[in-house]
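A short write-up of the structure that comes next.
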Amino acid sequence: MLPKLKLISHTLCPYVQRSLITVLEKQIPYDREYIDLANKPDWFLKISPLGRVPLLLVDGEVLFESAVICEYLDEITPDSLHPPDALTKAKHRSWIEFGSNLLTKIAGFYAAKDQETFEAKRLDLIANLELLEAQLDAVPFFAGEKLID
Numbered sequence: 003m004l005p006k007l008k009l010i011s012h013t014l015c016p017y018v019q020r021s022l023i024t025v026l027e028k029q030i031p032y033d034r035e036y037i038d039l040a041n042k043p044d045w046f047l048k049i050s051p052l053g054r055v056p057l058l059l060v061d062g063e064v065l066f067e068s069a070v071i072c073e074y075l076d077e078i079t080p081d082s083l084h085p086p087d088a089l090t091k092a093k094h095r096s097w098i099e100f101g102s103n104l105l106t107k108i109a110g111f112y113a114a115k116d117q118e119t120f121e122a123k124r125l126d127l128i129a130n131l132e133l134l135e136a137q138l139d140a141v142p143f144f145a146g147e148k149l150i151d
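Take any residue in the sequence shown, count from 1 to its spot, add 2: that is its number in this note's numbering.
Structural data, given as structure tokens:
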């Protein structure tokens, strides 16, 4: 039996979306509560060590950081989203971390203060996207011919 799960989220947060994709892909029952990040409620600040979303409440216990939440969700359900081989699984996790870094770069791209900064961030983002694309030259997905195992 799965624990009672509640995802604390914000509509526009890409890290929340990563957690949400995992619960939906794994067909895990959950509740969801939205918060206003510009006006964070006191109860949220008391339970979120970093003051960020997502949080996953697991029978009242708090998990934070989307990558950790996704790993937890994968581990409590059958049919892992990762391949069984340890090296291939580690490679998957490496590219997931690369994706986290890309999200940070995209946020910086939007927040550029001047044209020079914008252009530097644009070129850096393009270089990272090209690196990502190069990993998929031979196969359509990181797992090979299918999206997940």
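Each residue gets a CB set at the ideal place from its N, CA and C atoms; glycine is no exception.
Residues that DSSP places opposite residue i in a beta bridge
{"i": "residue 35", "result": "10"}
{"i": "residue 55", "result": "Answer by DSSP bridge pairing: none, since residue 55 is not bridged."}
{"i": "residue 66", "result": "57"}
Beta-carbon spacing of residue i, residue j below 8 angstroms
{"i": "residue 64", "j": "residue 78", "result": "no"}
{"i": "residue 7", "j": "residue 58", "result": "yes"}
{"i": "residue 21", "j": "residue 71", "result": "yes"}
{"i": "residue 55", "j": "residue 12", "result": "yes"}
Between the CA atoms of residue j and residue i - distance to the nearest angstrom
{"i": "residue 39", "j": "residue 119", "result": "26 angstroms"}
{"i": "residue 128", "j": "residue 84", "result": "27 angstroms"}
{"i": "residue 214", "j": "residue 27", "result": "Because the chain in this structure spans residues 3 to 151, residue 214 falls outside the shown range and cannot be described."}
{"i": "residue 115", "j": "residue 68", "result": "28 angstroms"}
{"i": "residue 108", "j": "residue 134", "result": "14 angstroms"}
{"i": "residue 117", "j": "residue 126", "result": "14 angstroms"}
{"i": "residue 62", "j": "residue 9", "result": "11 angstroms"}
{"i": "residue 110", "j": "residue 123", "result": "7 angstroms"}
{"i": "residue 101", "j": "residue 130", "result": "10 angstroms"}
{"i": "residue 94", "j": "residue 113", "result": "29 angstroms"}
{"i": "residue 88", "j": "residue 24", "result": "20 angstroms"}
{"i": "residue 137", "j": "residue 37", "result": "36 angstroms"}
{"i": "residue 74", "j": "residue 140", "result": "30 angstroms"}
{"i": "residue 80", "j": "residue 46", "result": "31 angstroms"}
{"i": "residue 142", "j": "residue 29", "result": "24 angstroms"}
Proximal residues to residue i (C-beta, below 6 angstroms), its chain only, five neighbours per side dropped
{"i": "residue 82", "result": "76"}
{"i": "residue 105", "result": "16"}
{"i": "residue 14", "result": "none"}
Residues near residue i in its chain [Cβ-Cβ closer than 7 angstroms; skip 5 each side]
{"i": "residue 52", "result": "66"}
{"i": "residue 42", "result": "53"}
Nonlocal neighbours in the same chain, by C-beta distance under 8 angstroms from residue i, ignoring five residues either side
{"i": "residue 31", "result": "4, 7"}
{"i": "residue 18", "result": "9, 11, 12, 55, 56, 68"}
{"i": "residue 35", "result": "8, 9, 10, 11"}
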